[in-house]
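Notes to accompany the following structure.
Residue numbers (this note's numbering): 1 to 327.
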C-alpha cells in the first residue's frame, strides 16, 4: 500500500523533485506531494519552517519536523516543535518526546542554479549526477562566504586566508566579494580536491558542503561533523581540523602530493551512490514515513513558528506591564 506524504518547507519553490530517480516523486512506497491540500496525506513532513502562507491552514494526521540548522545558527522554539509527532535534529539539547538524531539529508545545491545565479529551470537531477563524470584539470578549490556572525564562520574565514597564503595559485577560492560564481559546478566539477568546511562541528550534522563535491566526484578535504566516518567511507574523503591550521595544511599538501584523488576513484563512485540513495532526504523521510504511519492518526492544524514567538512576546509584554502596575 502506498503511503501519501506531504512535504513543505521554508523554500516552497525549491526544485525538490530533482532528487528523485526519473524526477518521479515516489520513494520506497511513499508518494510525496509538494503543494496543494495535504489533508488526505498519511503524514506531513515540515523542513525547517512552515511558510506564513499556509500557517493555521495546514492539516496533518501525522507530522514530523526536520531541522535544517545546527544550534549554533538556530534554536527552534520548543512550543512550535511540540506540535510534531517526531523531530529530526542535530541539537541534542532540544526537549521533545520523540527526538531523533542522524543525517538530515540536506538538499544538494550543486547543479541547481543558472548562469545568472538564479534557480535553474533545468537543474541537474538524480539521473544526471548518477552518470556525471566531469574532466578534472585543476587542483584545489574552496568556497568562503563573508558571513562572520558565528565562531564557525570566523574560523573558516581565517583558515581560508591561510590556505591562500600557503598554496597560492594552486588553490582557487570562491565566494562573495572574492571570486563570484553562479553555480557550484563552477567550483567543483573541474577540480580534483575541494576544501569542504562546515560552519559548525556537531555529531551527525553534515550538509551539502560534503555531499556536493561527492556528487561531482571531487575529493573532499573536510572539516565538520565529528562522526562523519559513521556515514561515509573514510577512503572517500579526508577529515582535517582547522583549529590546528598548520597540521591541516600539512595534511592537504601530503594528500595532493600523493595524488589521493586519483587513487580514490572507486571510493568516490561508491560515496556518490551513497549520497544519491541512502542519504537522499527522501530516502530518509520514506523510512520515517513507514515507521510513523503505523501509529494512530491525530488530526491537527499546524502553526508556523513565528506565531508561537509572537504569542510569547505578547505574553511577556503583558507580564511586564502587570508588574509595573502592581509593584
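Ideal Cβ positions, reconstructed from N, Cα and C, are used throughout, including at glycine. Computed from a predicted model, the values in this text were never measured in an experiment.
Determine the burial state of residue i: buried for a count of at least 16 other Cβ atoms within 10 Å of its Cβ, exposed for fewer.
i	result
residue 144	buried
residue 160	buried
residue 70	buried
residue 329	What is shown of the chain runs 1 to 327, which leaves residue 329 out entirely.
residue 309	exposed
residue 216	buried
residue 92	exposed
residue 192	buried
residue 123	buried
Taking only the alpha-carbon atoms, compute the straight-line gap between residue i and residue j and give it to the nearest angstrom.
i	j	result
residue 302	residue 19	26 Å
residue 342	residue 211	The structure shown does not extend to residue 342, since the chain spans only 1 to 327, so no value can be given for it.
residue 321	residue 76	Confidence in residue 321 is poor, its pLDDT being 39 and thus under 50, which makes the residue's placement unreliable; the coordinate value appears in the next sentence. Straight-line Cα distance between these residues: approximately 27 Å.
residue 265	residue 90	31 Å
residue 190	residue 168	18 Å
residue 98	residue 154	34 Å
residue 9	residue 53	11 Å
residue 133	residue 270	13 Å
residue 73	residue 235	30 Å
residue 84	residue 65	6 Å
residue 108	residue 163	25 Å
residue 158	residue 171	15 Å
residue 180	residue 226	30 Å
residue 156	residue 286	34 Å
residue 13	residue 305	20 Å
residue 11	residue 182	19 Å
If you check the beta carbons only, do residue i and residue j fall under 7 Å apart?
i	j	result
residue 44	residue 6	yes
residue 281	residue 105	yes
residue 3	residue 42	yes
residue 274	residue 204	no
residue 223	residue 261	no
residue 196	residue 209	yes
residue 258	residue 240	no
residue 130	residue 214	no
Our contact map puts residue i next to residue j with C-beta atoms below 8 Å; I'd like the distance itself, whole angstroms only.
i	j	result
residue 238	residue 221	5 Å
residue 78	residue 87	Between residue 87 and residue 78 the Cβ distance is about 10 Å, and since that is not below 8 Å, they are no contact.
residue 141	residue 194	5 Å
* **Minimum length 4: unbroken alpha helix (DSSP H) runs contained in the stretch 136–185** => 151–167
* 3-residue-minimum beta strand (DSSP E) runs that sit fully inside the stretch 212–289, ordered along the chain -> 219–223
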